[in-house]
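In the numbering used here, the protein residues as written are 122 to 404. Beta carbons: idealized from backbone N, C-alpha and C, even for Gly.
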């Protein structure tokens, strides 16, 4: 996340929160200690949102704690009614987007949002009954759950995109490896044919060396020509192999879930090494 977005979004949300959820007496009485204290406490929660991507749990605690504090002070008439709501919603959304096991913190956000709703009711002079308060709590719970679900959806999309990138990288690596393998096979066949022909020409030259020196010279020239042709074919095969450093290895942690804790016993299997040595010896 860029620095401008990390700082700019909380500033915009703070301005919107003041316009939507602050009592008009708060903005009109900023020169008095009560309204000024309420605005400063609310601003501290939006300042904490700057670090929401680094410490989402701590930021949620800060934003919810300030709402509960302002609710208690407003209930006792010490500060005017102003409950910062957008900070709690953004903190809940960020927690859902960055933490895998974040559902345990949802009750904290629900309590803060319920305090906000009850404060708005008290500000408007409405005293709901028990059923009305239960409805308010359910509505606030749905609001917090919606913000958290939006964050979880974002996290799932980011993980899916990362898996697609890893899959594309794996396909590219397999294509490069297959191309190199085909080039190696082609050069192996060319060299094997050339070496076989050179061995046959050398054997024939050894047999006719004393009886017919002219044929020996011809056989040696053929060996030279075959060797030169084999080297040219080898260079052509190697030119088809992509140059540059090898492709980076896959990050297995991005594809596989974490392994369960426990003791594991590993045992080396020499089957592959024996197969390679036997194959080379036969060649």
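A straight-line Cα-Cα distance of about 37 Å links residue 204 and residue 282. Contact between residue 147 and residue 228 is absent: CB atoms are separated by about 28 Å, not below the 8 Å threshold. For residue 304 and residue 125, the gap between their C-alpha atoms comes out near 50 Å.
Cβ contact annotation for residue 192 (same chain, cutoff 6 Å, sequence separation greater than five): 236, 240, in chain order. Of the residues 284, 135, 154, 294, the one whose Cα lies closest to the Cα of residue 164 is 135.
Only exposed fits residue 274, as fewer than 16 other CB atoms lie within 10 angstroms of its CB. Under the three-state reduction of DSSP, residue 143 is assigned to strand. Linking residue 158 to residue 287 through their CA atoms gives a straight-line distance of about 50 Å. Rounded to the nearest whole angstrom, the C-alpha separation of residue 213 and residue 280 is 19 Å. By the criterion of a C-beta distance shorter than 6 Å, residue 156 is surrounded in its chain by 147, 150, 201, once the five residues flanking it on both sides are discounted. Three or more Cβ pairs drawn from the region 343 to 353 and the region 297 to 316 lie within less than 8 Å of each other, which places the two stretches in contact. With contacts defined by Cβ atoms closer than 8 Å, residue 269 and residue 216 form a contacting pair. Residue burial annotation: residue 256 is exposed, with fewer than 16 other C-beta atoms found within 10 angstroms of its C-beta. Taking C-alpha positions only, residue 230 is separated from residue 178 by approximately 11 Å.
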